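Structure, as structure tokens:
There are 2 protein chains.
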Amino acid sequence: MRTTIQRKVILEQLQTHVDHPGADTIYSEVRQVLPRISLGTVYRNLDVLANKGIIQRLEVGGDHAHFDPNPEIHPHFFCTRCRRVSDLKWKNGQSPAWTDIIEAESLEGLVIDGGSLVLEGVCSDCSAKDK
Amino acid sequence: MRTTIQRKVILEQLQTHVDHPGADTIYSEVRQVLPRISLGTVYRNLDVLANKGIIQRLEVGGDHAHFDPNPEIHPHFFCTRCRRVSDLKWKNGQSPAWTDIIEAESLEGLVIDGGSLVLEGVCSDCSAKDK
DNA sequence: CTGAATGCAAAGCCTTTGCATACGG
DNA sequence: CCGTATGCAAAGGCTTTGCATTCAG
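These protein sequence lines map, in sequence, to chains R and B. Numbering of the first sequence is given in our numbering, commencing with residue 1 and proceeding in unit increments. Numbering of the second sequence is given in our numbering, commencing with residue 132 and proceeding in unit increments.
And the structure:
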């Protein structure tokens, strides 16, 4: 993997986020540093970084992909108001065994490579705006 | 909600599936019964049915939406080979309390309306093809 | 009758891709 | 130098939408 300035800035920009933005957000932010960067380059790099296991691509919310600078599998929260994705934490610091939650019979014959747990609702910022 | 023949056939067709197809699959199947139905009508009806809580729209796999005739929240399995979505079952027949799995502190201030648990890997059909 | 639903086609969005050019190692 | 990465623009795939027409209640 070649170290280009674009790749470096994209990764650093993503790492400044506590939420998990889409490619478009990263694009407009990175453009303030590299005005000539293209959206295609942002997509290609986020893809490369995710495939290398340096970041994580999240399929949440349905409209567009979200990117998480932390590649470890952990639960997420999706706010249906502001459509932002944020982190949750496993109880006791580690992912539960799936067999503790899911009926063994329904898992028969399957090879499990990963999983995702996403809760959805309204975040505290959006709840506050109701008042 | 008006009962049109299109809506009826779309729902019945979805209910014949044990997997959770996309709108395109439903479209081509329903067209064998109603050759003049449009893809737009399929999308609109799946949307109406999901909003009424009669079916469920799943955001899984990233490429397109999947529809589940069962509106109850339950875990799913996504096969990365054939890209099909199938059902899993909660252990003991019911969803675990999220607080049993997720650290309470990270849930603070959030209003939780729902959740989704998706495991991914290779289904038994696809594993069998490896041999 | 009257508004909700349909068919058709166009438009929208996010994402990917082809190609010539630039550049990192 | 060589092959990866970029910029640009076009194309792709899924989904939504505008509009005139049809149809359920």
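From the three backbone atoms N, C-alpha and C, an ideal C-beta is built for every residue, glycine too. This one's a predicted model, so the numbers in the text were calculated from it and none came from an experiment.
Taking the C-beta atoms as reference points, residue 254/B is found nearer than 9 Å to residue 217/B. Taking a Cβ-Cβ threshold of 8 Å, the residues of chain B close to residue 59/R are 190, 191, 192 and 193, in chain order.
Residues of the same chain with a CB within less than 6 Å of the CB of residue 199/B, apart from the 5 flanking positions on each side, are 151, 187 and 189 in chain order. Straight-line measurement puts the Cα of residue 35/R at about 44 Å from the Cα of residue 229/B. Residue 111/R has a beta carbon lying within less than 9 Å of a beta carbon in chain B. Interface residue (Cβ-Cβ distance to chain R less than 9 Å): residue 235/B is classified as such.
Chain R has a Cβ within less than 9 Å of the Cβ of residue 232/B. Residue 208/B reaches chain R at 110, counting residues in chain order whose Cβ is nearer than 7 Å.
With a cut-off of 8 Å on Cβ pairs, the segment 77-84 of chain R is in contact with the segment 114-123 of chain R, counting three or more such pairs. When 107/R, 89/R, 114/R and 84/R are compared, the shortest CA-CA separation from residue 222/B is found for 107/R. Straight across, the Cα-Cα distance linking residue 245/B with residue 47/R is about 29 Å.
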